[in-house]
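Inspection log for the structure reproduced underneath, given as structure tokens.
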Amino acid sequence: MNGKQYIASTDEGPELGGSASGMCNQRTYARFIDISDETRPRVVSTFAPDVNRIDCQLNIETNTTGGMVHYLNFDDRYNATLVVYAASNQGIRFVDITDPAHPREIAYYLKERHVAANAAPANLFPNLATGSTAVTGTDFTRPDPRHDPESCFWYTGWNQGGLVSIEPTDPKYNACMRRKVSGGGCRAAS
Numbered sequence: 028m029n030g031k032q033y034i035a036s037t038d039e040g041p042e043l044g045g046s047a048s049g050m051c052n053q054r055t056y057a058r059f060i061d062i063s064d065e066t067r068p069r070v071v072s073t074f075a076p077d078v079n080r081i082d083c084q085l086n087i088e089t090n091t092t093g094g095m096v097h098y099l100n101f102d103d104r105y106n107a108t109l110v111v112y113a114a115s116n117q118g119i120r121f122v123d124i125t126d127p128a129h130p131r132e133i134a135y136y137l138k139e140r141h142v143a144a145n146a147a148p149a150n151l152f153p154n155l156a157t158g159s160t161a162v163t164g165t166d167f168t169r170p171d172p173r174h175d176p177e178s179c180f181w182y183t184g185w186n187q188g189g190l191v192s193i194e195p196t197d198p199k200y201n202a203c204m205r206r207k208v209s210g211g212g213c214r215a216a217s
């Protein structure tokens with residue numbers, strides 16, 4: 028980008044602890060590293076999802092669990108405008124990286140809690156016996172998000188909730204919405 032090569036990283040760590048109080052200790056975020064000079068890599072920015080910017084005391088009072096960005100993918104590996112993070116307890120985070128020094132979260136998708144059929148919500152997470160999400164939790168995203176440039180969908184899996192397809196609706200970030208189409212047709216006489 029801009030004549031430079033970058034690495035987009037995640038920084039998964041144990042600080043989160045899966046709780047509102049754990050979010051107060053959260054220090055593991057995504058980083059954008061300029062590797063134009065491979066002997067002197069330089070961090071140009073850090074991306075902290077908007078949900079991690081909430082006041083720590085408010086998180087504890089409202090039992091808000093944050094998360095950490097852990098898996099990632101790009102809309103185009105060699106000409107990226109978006110990096111998409113699967114974030115535990117935070118869903119899918121869409122980040123505009125056209126300016127790597129100032130990454131900007133433009134959208135997110137947080138899947139609803141999953142409650143298995145005929146099962147009460149889980150008290151522990153993950154509850155492998157029922158497949159339900161914890162009462163105070165959110166469903167975890169697991170694999171790195173995949174982008175299909177032909178359909179412009181993003182795909183990812185969820186711990187309890189299965190496969191999800193996501194389509195950005197802003198033409199700036201969805202090439203399918205910028206395609207010109209032509210066609211014709213006729214109505215058959217009845």
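Residues 28 to 217 (our numbering) are what the sequence shown spells out, left to right.
C-beta atoms are modelled at their ideal positions from N, C-alpha and C, and glycine is treated no differently.
Beta bridge counterpart(s) of residue i as assigned by DSSP
i: residue 95; result: 115
i: residue 106; result: For residue 106, which the question treats as bridged, DSSP gives no partner whatsoever.
i: residue 100; result: 111
i: residue 85; result: None, per the DSSP bridge assignment.
i: residue 62; result: Its beta-bridge partners do not exist; DSSP assigns none.
i: residue 34; result: 60
i: residue 71; result: Answer is none; residue 71 lacks a bridge partner.
i: residue 134; result: 121
i: residue 173; result: 182
Contacts around residue i, its chain only, beta-carbon distance under 6 Å, and the 5 residues preceding and following it disregarded
i: residue 30; result: none
i: residue 69; result: 61
i: residue 247; result: Residue 247 falls outside the range modelled here, since the chain spans only 28 to 217, and no answer is possible.
i: residue 131; result: 123
Whole-Å CB distance - residue i paired with residue j, under 8 Å assumed
i: residue 121; j: residue 135; result: 7 Å
i: residue 110; j: residue 202; result: That belief does not hold up - the Cβ atoms of residue 110 and residue 202 are roughly 16 Å apart, past 8 Å.
i: residue 205; j: residue 198; result: 5 Å
i: residue 172; j: residue 113; result: 5 Å
i: residue 72; j: residue 128; result: 5 Å
i: residue 38; j: residue 58; result: 6 Å
i: residue 200; j: residue 133; result: 7 Å
i: residue 174; j: residue 106; result: Not a contact, Cβ separation roughly 13 Å.
Chain-order list of residues whose beta-carbon lies under 7 Å from that of residue i (same chain, five-residue window excluded)
i: residue 155; result: Residue placement at residue 155 is poorly supported in this model, since its pLDDT is 49, which falls under 50; the coordinates still yield a value, given next. Around residue 155: no qualifying Cβ.
i: residue 190; result: 182, 184
i: residue 76; result: 96, 114, 117, 120, 132
i: residue 193; result: 119, 136, 180, 181
i: residue 211; result: none
i: residue 270; result: Any property of residue 270 remains undetermined from this structure, which presents the chain solely from 28 to 217.
Cβ-based neighbour list, residue i, same chain, cut-off 8 Å, excluding 5 preceding and 5 following
i: residue 32; result: 61, 62, 63
i: residue 104; result: none
CB contact check: residue i to chain B, cutoff 8 Å
i: residue 66; result: This model lacks chain B altogether, as it is built from one protein chain only.
Closer than 7 Å: residue i CB and nearest the ligand COA heavy atom
i: residue 114; result: Of ligands this structure carries none, so the ligand COA is not represented either.
key: Minimum length 4: unbroken alpha helix (DSSP H) runs contained in the region 175-211   = Entirely contained in the region 175-211, not one alpha helix (DSSP H) run reaches 4 residues.
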